[in-house]
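Student: I'd like to ask some things about the structure below.
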Ligand SMILES: [Zn+2]
Ligand SMILES: [Zn+2]
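Residue numbers (this note's numbering): 1 to 143.
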């Protein structure tokens with residue numbers, strides 16, 4: 001379950017936003033932390049609903065926003081207009097490969113790619129803050 005430090009950080013984040021600490025909002029945090037997938041807000045909403053916690057879509061959406069803004073979750077834009085969320089806690093930087101057929105998302109890290117990106121930025125005297133590297137194609141199962 002959610003560890004204490006995480007929970008108190010989350011409560012601080014809610015307070016900072018002027019929001020009440022509710023079981024619903026804590027359920028969103030728990031749902032994001034326990035599932036390593038890349039899910040839409042609707043998936044998170046459905047998962048919480050099946051746990052018999054009454055929550056509104058608006059609350060899920062708003063809480064996900066707060067999780068992203070405060071470094072608990074990462075929001076992915078895969079170019080299809082549907083935001084995906086994944087946990088950022090205990091999840092180091094990685095890039096994604098996305099299957100155009102089934103939508104599967106494969107995570108990868110390549111240190112050479114990371115290094116080359118940094119070198120390119122340096123060459124242009126560009127101060128790199130973040131990068132998004134996404135590869136689109138057809139996965140092994142769909143080929
Ligand atoms: Zn596929
Ligand atoms: Zn990921």
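Yeah, the Cβ is synthetic: ideal placement off N, Cα and C, and Gly gets one too. Computed from a predicted model, the values in this text were never measured in an experiment.
1. Out of curiosity, what's the CA-to-CA distance linking residue 73 and residue 102?
2. Kindly indicate which residue of 62, 3, 53 has the alpha-carbon position closest to the one of residue 18.
3. Grab the span of the beta strand (DSSP E) containing residue 98 for me, first residue to last.
4. Check this for me: beta carbons of residue 67 and residue 32, under 8 Å apart or not?
5. At a cut-off of 7 Å, would you count residue 105 as near ligand 1, judging by its Cβ distance to the nearest heavy atom?
6. Could you tell me which uninterrupted beta strand (DSSP E) segments, each at least 3 residues in length, are contained entirely in the region 48-85, listed from first to last along the chain?
7. Measure the alpha-carbon distance for residue 7 versus residue 24 and round it to whole angstroms.
8. Quick one: grab the DSSP three-state call for residue 133.
9. Following a CB-centred definition, is residue 98 positioned closer than 7 Å to any heavy atom of ligand 1?
10. Thinking just about the alpha-carbon of each residue, which of 120, 107, 79, 97 is nearest to the one in residue 135?
11. What's the call for residue 131, buried or exposed, on a 16-neighbour Cβ count within 10 Å?
12. Can you check whether the CB of residue 27 is closer than 8 Å to the CB of residue 50?
13. Output the distance between the C-alpha atoms of residue 1 and residue 13, rounded to the nearest integer angstrom.
14. Quick one, are the C-beta atoms of residue 128 and residue 118 less than 8 Å apart?
Tutor: In terms of the structure at hand:
1. Approximately 24 Å, taken between the alpha carbons.
2. From the listed residues 62, 3, 53, the smallest Cα separation to residue 18 is found for 62.
3. Unbroken beta strand (DSSP E) run through residue 98: 95-99.
4. Yes.
5. Answer for residue 105: no, Cβ out of range of ligand 1.
6. Taking only runs of at least 3 residues, the beta strand (DSSP E) segments lying wholly in the region 48-85 are 73-76.
7. Between the alpha carbons of residue 7 and residue 24 lies a distance of about 13 Å.
8. Assignment of residue 133 by DSSP, reduced to helix, strand and coil, places it in the coil class.
9. No, Cβ of residue 98 sits at least 7 Å from all heavy atoms of ligand 1.
10. Comparing Cα-Cα distances from residue 135 to each of 120, 107, 79, 97, the minimum goes to 97.
11. When all chains shown are included, residue 131 counts as exposed.
12. No Cβ-Cβ contact shorter than 8 Å links residue 50 with residue 27.
13. Since pLDDT at residue 1 reaches only 46, below the 50 mark, its modelled position is unreliable, and no value is offered.
14. A distance below 8 Å separates the beta carbons of residue 128 and residue 118.
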